[in-house]
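Once you know that position 59 of the sequence shown is 1409 in my numbering, the rest is easy, because the numbers rise by one and skip nothing.
So the structure is just underneath, and the comments pick up after that.
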Amino acid sequence: MPRERNALITEISHFVRTELLQKPDAELDPGEPLITGGLLDSFSLARIAVFVEETLGVYLPDSELTVDNMDSVGQIADKVIEWSDK
């Protein structure tokens, strides 16, 4: 079943705001750079990958866990959609 991008963005954004930024009420645009923008460090990618696998049921290979691929909530959602059917 295809995943709806906006629903994924909402869920991933909630995780990033509450668990990683620890600012549940923070505004977070789907295109906002998380790592290159200085909001998160690159080690946060591992926590995001665990969240995606455990909560969304999608495994993202280590080769996909790069700043180029996953620097925004929108990019993370796109990777989840891409790997959902694999």
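We put the beta carbon where it would ideally sit given N, CA and C, even for glycine.
Buried/exposed call for Ser1486, threshold 16 Cβ in 10 Å: Past the boundaries of the shown model lies residue 1486; the chain is included only from 1351 to 1436, so the question cannot be answered.
For Ser1434, tell me which candidate among Glu1403, Gly1387 and Asp1421 has the shortest Cα-Cα distance. Position 84 of the sequence shown, counting from 1, holds the residue named residue 1434. With distances taken between Cα atoms, Ser1434 lies closest to Glu1403.
Please state the DSSP three-state secondary structure of Gln1372. Within the sequence shown, residue 1372 is the residue found at index 22, counting from 1. In the structure shown, Gln1372 sits in coil (DSSP, three-state: anything other than H, G, I, E or B).
For the alpha helix (DSSP H) that Ile1362 lies in, which residues bound it at each end? For the purposes of this step, residue 1362 is taken as residue 12 along the sequence shown, with counting starting at 1. Element bounds for Ile1362: Arg1355 to Phe1365.
Quick check on DSSP: helix, strand or coil for Phe1393? Here residue 1393 is taken as the residue at index 43 of the sequence shown, counted from 1. Coil at Phe1393, not helix or strand.
Best match in Arg1355, Ala1376 and Asp1391 for proximity to Asp1421 [C-alpha to C-alpha]: What you label residue 1421 is simply residue 71 of the sequence shown in a count that begins at 1. It is Asp1391 whose Cα lies nearest to the Cα of Asp1421.
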